[in-house]
Each structure stands twice: as C-alpha cells, then as structure tokens.
Amino acid sequence: MNIQTIVSRINNPLNPLVVSIGTIKGGKRFNIIANHVEMEGTIRTHSREVRAEIEGHLRNIIENTAKALGCNAQLDYTYYAAPVINEHDHINNIVRNAAVKLYGKESLTPMPKLMGSEDFSYLAENVPGFYGFIGTRNADKGYIYTNHNDKFTVDESVLHRGAALYAQFAYDFLEEKSK
9 MNIQTIVSRI
19 NNPLNPLVVS
29 IGTIKGGKRF
39 NIIANHVEME
49 GTIRTHSREV
59 RAEIEGHLRN
69 IIENTAKALG
79 CNAQLDYTYY
89 AAPVINEHDH
99 INNIVRNAAV
109 KLYGKESLTP
119 MPKLMGSEDF
129 SYLAENVPGF
139 YGFIGTRNAD
149 KGYIYTNHND
159 KFTVDESVLH
169 RGAALYAQFA
179 YDFLEEKSK
C-alpha cells in the first residue's frame with residue numbers, strides 16, 4: 009500500500025513510526041466490485057513532531073492514490089492519545105529515588121521505548137509527570153499477556169508496591185517543595 013511509504017520513504021528512520029491498517033470493509037458480495045470501502049488504522053510514534061506531520065502525508069497519499077485510480081477518497085483523522093514521554097528529569101529523579109528507597113537499586117529496570125499509546129499522555133503534556141511499570145507481569149503465574157490482548161490479566165499481589173511507590177513519591181515531592 010502507498011500508505012507504507014510514509015514509514016519507508018518520508019519518515020526519518022531514526023524516529024520510530026508504525027502505520028497500521030486494522031480493518032478494511034467494503035462490498036456485499038465476493039464477485040461484485042464495491043462502491044464504497046472503508047479502512048481504519050492507527051499511527052504510533054514517539055515524536056510529537058512526526059505525529060503532527062503524519063495527517064498531511066496521509067491525506068496527500070490517500071487523495072492522490074484515489075485520484076490516480078479514478079476514485080474519490082475522504083480522510084477522517086482523529087488524534088488519539090499522544091506518545092508518553094517521561095521528559096521531566098526532576099520528576100523522574102524523585103520517582104527513581106523513591107523506588108530505590110523502597111525496593112533497592114535492582115528494582116530500576118531500563119525499558120525500551122514502546123509503541124503503545126496511553127491517555128496519561130494528555131496529563132503529561134500539561135503537568136510534569138512520570139509513567140512507569142510496577143511489575144504486574146509474572147510468567148511463573150501465567151500473567152504474560154499485554155494489555156490489548158483478550159487474555160490480559162495482572163499479578164495483583166504486587167499492586168501494593170505501586171501504591172507504596174506513589175505514596176513515597178508524594179512524600180518526597182512535597183518534602184522537597186517545603187524546603
């Protein structure tokens with residue numbers, strides 16, 4: 009599909025980008041050419057700048073491909089959750105120090121960037137914040153599926169650790185602010 013040229017030709021390969029078409033719906037019978045076809049998909053990136061540019065590239069490719077084939081096309085583009093970027097070093101340091109106080113240095117596990125999206129990004133764009141994982145995945149107990157899998161579940165025995173970390177962070181943050 010021409011849409012993939014956004015990833016392979018337009019986007020800087022140093023900025024991860026995923027363009028996925030998840031559904032294609034059209035027609036009523038296998039032997040009749042459809043009069044109307046609908047495609048739905050998602051865009052995932054770590055870059056706010058890339059995210060802002062994608063709609064224009066997508067619109068250009070869709071409209072010109074349709075025109076070349078003698079068709080009409082309409083793009084309805086909805087901006088869902090932005091990328092979550094833990095960019096507030098001061099907040100990151102407080103959270104990391106709180107985790108070390110409670111659970112030791114070994115509790116800090118570097119994570120690769122993920123291509124997921126999360127509503128938390130709306131908050132973090134306006135208020136300094138931190139998004140992290142507390143370890144609810146547990147292969148020994150069979151908790152191995154990611155959050156968009158229909159088999160997803162969490163190891164609830166570790167949830168108290170997240171609550172304790174939140175409380176320690178709040179205490180440390182407020183103590184620092186009071187100085």
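Here the working numbering is used: the sequence shown runs in plain steps of one and ends on residue 187. Glycine included, every Cβ here is placed at the ideal spot set by N, Cα and C.
Opposing strand residues paired with residue i [DSSP bridges]
i: Ser28; result: Thr50
i: Asn146; result: Tyr151
i: Gly34; result: Val45
DSSP-derived helix/strand/coil call for residue i
i: Val103; result: helix
i: Gly64; result: helix
i: Gly170; result: helix
i: His98; result: helix
i: Asn72; result: helix
i: Ala90; result: coil
i: Ala175; result: helix
i: Thr161; result: coil
i: Ser16; result: helix
i: Pro83; result: Before going on, a small fix: residue 83 reads as Leu here, not Pro. It is coil, neither helix nor strand.
i: Ile11; result: helix
i: Leu77; result: coil
i: Lys187; result: coil
i: Leu22; result: coil
Problem set entry | 4-residue-minimum alpha helix (DSSP H) runs that sit fully inside the stretch 105-142, ordered along the chain | Unbroken alpha helix (DSSP H) runs of no fewer than 4 residues, entirely contained in the stretch 105-142, are found at 128-132, following chain order.
Problem set entry | Inter-stretch contact at 8 Å, needing at least 3 Cβ pairs: the stretch 57-67 / the stretch 38-45 | Flag = no, the stretch 57-67 and the stretch 38-45 do not touch.
For this session: Would you check if there are 3 or more beta carbon pairs closer than 8 Å linking the stretch 98-109 to the stretch 127-147?
Result: Flag = yes, the stretch 98-109 and the stretch 127-147 touch.
For this session: Taking 8 Å as the threshold, find out whether the stretch 123-131 comes into contact with the stretch 142-151 through three or more Cβ pairs.
Result: no
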